[in-house]
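K.L.:
The working numbering puts the sequence shown at residues 4 to 145.
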Amino acid sequence: MTRIAFCLALLLAAPAGAQTVFDRAVGLYGSAVNPAESCTQNPHRLDFMAAPPHALFHWAHPAPDASGQMRDRERYDILDYDDGSITLRREGDPQVTADGHLPIWILRLTSTPAGYCWGRTDWPSVRCERQAVRCGDDAPTS
């Protein structure tokens with residue numbers, strides 16, 4: 004078992020009072036900028052699995068991904084994490100960076116608004132795009 008998988012398994016099995024970045028990130032989200040992917044129109048659920056370590060995104064209805072393909076699920080390999088972010092590589096990512104490598108994504112938790120945004124390791128550290136906001140309990144899920 005890799006170090007990341009082992010640590011993730013320990014974190015996901017942490018005692019009830021210990022909030023990890025994964026505990027805080029799990030939930031239902033909608034786009035803050037795209038009404039078609041908002042909490043009311045097409046929210047997505049973020050979950051994690053420990054072995055192998057993956058972040059799982061599931062939309063209520065298919066939506067276009069960065070390459071224009073319709074999808075209702077995406078899976079990311081977890082590469083690293085800290086208290087406020089999770090470093091990921093999207094499985095089957097059609098994009099490449101300027102130097103021809105697969106992009107390494109950084110899911111950064113945000114507090115205002117409550118949710119997350121996306122950065123990349125090849126972007127300036129202050130750049131964070133595609134803000135997602137945490138949905139209320141009444142958001143549709145199918």
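Idealized CB from N, CA, C, for every residue including glycine. All values derive from a computational prediction rather than experimental measurement.
Taking residue 26 as part of the beta strand (DSSP E), name the residues at either end of that continuous run.
P.N.:
Looking at the DSSP string, residue 26 is not in any beta strand (DSSP E); the run it does join, the alpha helix (DSSP H), is 24 to 28.
K.L.:
Would you report the Cα separation of residue 54 and residue 80, rounded to the nearest angstrom?
P.N.:
Cα-Cα distance, rounded: 10 Å.
K.L.:
Quick check on DSSP: helix, strand or coil for residue 54?
P.N.:
Note: residue 54 maps to coil in three-state DSSP.
K.L.:
With a threshold of 6 Å on Cβ separation, who are the neighbours of residue 31 within its own chain once the five nearest residues in sequence on each side are excluded?
P.N.:
Answer for residue 31: 46, 48, 138, 142, listed in chain order.
K.L.:
Roughly how many angstroms separate the alpha carbons of residue 89 and residue 28, rounded to a whole number?
P.N.:
Computed Cα separation, rounded: 9 Å.
K.L.:
From what residue to what residue does the beta strand (DSSP E) around residue 114 run?
P.N.:
Element bounds for residue 114: 108 to 114.
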